[in-house]
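Taking the UniProt record's numbering as reference, the numbering of the sequence shown is continuous, increasing by one, and the terminal residue is 384.
The C-beta atom is built at its ideal place from N, Cα and C for all residues, glycine as well.
The structure displayed is predicted, hence computed values, not measured ones.
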Amino acid sequence: MKDRVLFVDDESNVLEAFKRQFRKLFDMEVAPSGKEGLQRIAGGNGFAVIVSDFKMPVMDGVQFLSRAKEIAPESVRIMLTGYADVKTAIEAVNSGHIFRFLTKPCPPELLAQAIAAGVKQYRLIHAEKELLEQTLKGAVKVLTEVLALTNQEAFGRSTRVTRYVKKIAARLKSSNTWKLETAAMLSQIGCITLPEEILQKFCRGEALSVDEEAVYRMHPAVAADLLEKIPRMSEVAEIVACQENRFDGAGKAPVPRKGEEIPLGARILKVALDFDILETAGRSQRDALQEIKGRNGVYDPAVVAALEDVIRMDSGYARRSCKLTELKENMIFAADVRAMDGRLLITSGNVATRPLLQRLNNFSQTMKIRQPVEVLVPVGDWVF
């Protein structure tokens with residue numbers, strides 16, 4: 001498959017020459033102005049290289065390529081000009097918008113070499129980004145599955161909280177959805193270092209001793225330290241580190257921030273985590289919300305208002321009873337899953353991931369499991 005190249009020039013004869021010279025080498029498109037060039041880029045054609053003339057009416061080459069960089073930052077940009085203007089060349093290259101600067105008339109073989117170099121650069125950028133994204137997603141997946149297999153209480157809490165974080169972020173029109181969801185899912189990863197009895201007491205809503213409280217409050221810092229070691233996860237780590245910060249700055253937070261100095265993701269996470277504690281303790285959504293609203297200075301008022309909207313508009317989940325063989329990924333366990341002898345296998349609130357389902361299947365080979373299993377599925381998703 002040929003790499004896509006866009007040529008932009010206000011002279012139709014130049015565009016025709018480009019078509020004749022390069023149609024066998026590249027998948028070409030042409031545009032007679034910067035405006036039309038931007039329209040083609042915005043159309044999502046995914047150009048590897050964008051070649052533009054400098055001197056064009058209304059929008060010159062520097063202006064066009066600067067706008068093109070905003071729309072398609074991965075595309076490699078080349079500028080052609082009939083004016084050997086050193087000042088223009090320096091401005092274009094130093095602004096960071098231009099990969100090559102060539103003067104007209106430019107021999108076809110030289111232009112072809114420049115475009116080929118641009119294509120190579122594009123492939124390198126694209127491959128590096130894809131590798132990093134896959135590595136990042138893989139690391140997050142591994143950490144999530146480790147939490148699921150080693151600490152049911154913490155994993156259940158993180159999955160419940162993530163649902164609220166996603167909905168609150170949507171109400172606030174946040175643009176960093178992936179980072180917020182990742183921070184929510186990994187917010188409890190530091191709990192793997194906690195003694196089991198401390199975490200269970202906390203999840204049951206029981207009072208912790210002074211020493212136990214001090215140990216528990218360390219888990220966000222532990223999680224943030226782990227996440228900082230993963231490339232491109234610094235912002236997620238900061239959200240996790242600030243998850244217990246009060247909006248008014250009171251208290252002893254590991255990272256002293258207050259108000260809008262606290263990342264939005266951390267402000268959302270704080271509300272979602274505390275709301276989950278109240279719900280887990282048996283409070284209704286309405287009572288839990290009133291409790292949250294009554295804690296002056298603890299939360300960002302805008303986030304609390306968004307939570308109220310989520311609760312009001314949430315259509316909820318349908319509760320179903322399933323056999324083990326009917327369980328599917330992404331179902332939510334609505335009740336604890338236990339063996340016939342009473343042993344706890346999976347706590348309520350956990351999402352049915354592949355490792356959890358495999359674990360349940362392994363257990364079923366050696367012991368009897370209480371059935372049916374109670375699950376939650378989004379309304380409309382259940383298939384009989």
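Under the three-state reduction of DSSP output, ILE71 falls in the helix class.
One thing to note: ILE292 has its Cβ within 9 Å of the Cβ of ASP274. In the DSSP assignment, THR177 falls within the alpha helix (DSSP H) that extends over 177-186. Distance between HIS126 and ILE115, taken at the CA atoms: about 16 Å. Residue burial is scored here from C-beta neighbours: MET56 has at least 16 other C-beta atoms within 10 angstroms and is therefore classed as buried.
The shortest C-alpha to C-alpha distance from ILE41 to any of LYS19, ARG354, ALA68, GLU109 is the one to ALA68. The closest CA to that of ALA221, considering only GLU238, GLY249, ARG171, ALA334, is found on GLU238. For LEU360, the enclosing alpha helix (DSSP H) begins and ends at 354-366. By the Cβ test, the segment 176-191 is not in contact with the segment 204-211, since fewer than three Cβ pairs between them sit closer than 8 Å. Note that the C-beta distance between LYS323 and PRO254 is not below 9 Å.
VAL351 carries a strand assignment under DSSP once its states are collapsed to helix, strand and coil. In this structure ALA48 touches TYR122 by the C-beta definition: roughly 4 Å separates them, less than 8 Å.
In the structure shown, the three-state DSSP call for ALA48 is coil. Taking a cut-off of 8 Å for Cβ pairs, the segment 265-274 and the segment 235-251 touch, as three or more such pairs fall below it. In the three-state DSSP reduction, VAL58 falls in the coil class, being neither helix nor strand.
DSSP, read as helix, strand or coil, puts VAL8 in strand.
The three-state reading of DSSP puts CYS322 in strand, counting E and B together. A distance below 9 Å separates the beta carbons of ASP60 and GLY34.
As a beta-bridge residue in DSSP terms, ALA339 pairs with ILE369. DSSP, reduced to helix, strand and coil, places ARG286 within a helical segment of the structure shown. Comparing C-alpha distances from GLU196 to each of SER364, LYS2, ASP287, TYR216 shows the shortest one belongs to TYR216. Residue burial annotation: GLY156 is buried, with at least 16 other C-beta atoms found within 10 angstroms of its C-beta. Rounded to whole angstroms, the gap between the alpha carbons of THR103 and PHE7 is 15 Å. The beta carbon of THR177 is closer than 8 Å to those of LYS166, ALA169, ALA170 in its chain, skipping five residues each way along the sequence. In the three-state reduction of the DSSP assignment, ARG23 falls in the coil class. With contact defined as three or more Cβ pairs closer than 8 Å, the segment 139-154 and the segment 321-335 are not in contact. The Cβ atoms of ALA154 and ILE192 sit closer than 9 Å to each other. Between ILE369 and LEU356, the C-beta gap is not smaller than 9 Å, which leaves the two residues out of contact. For LEU273, the enclosing alpha helix (DSSP H) starts and ends at 264-280. According to the DSSP assignment, ARG232 belongs to no alpha helix (DSSP H), since it is labelled neither H nor E.
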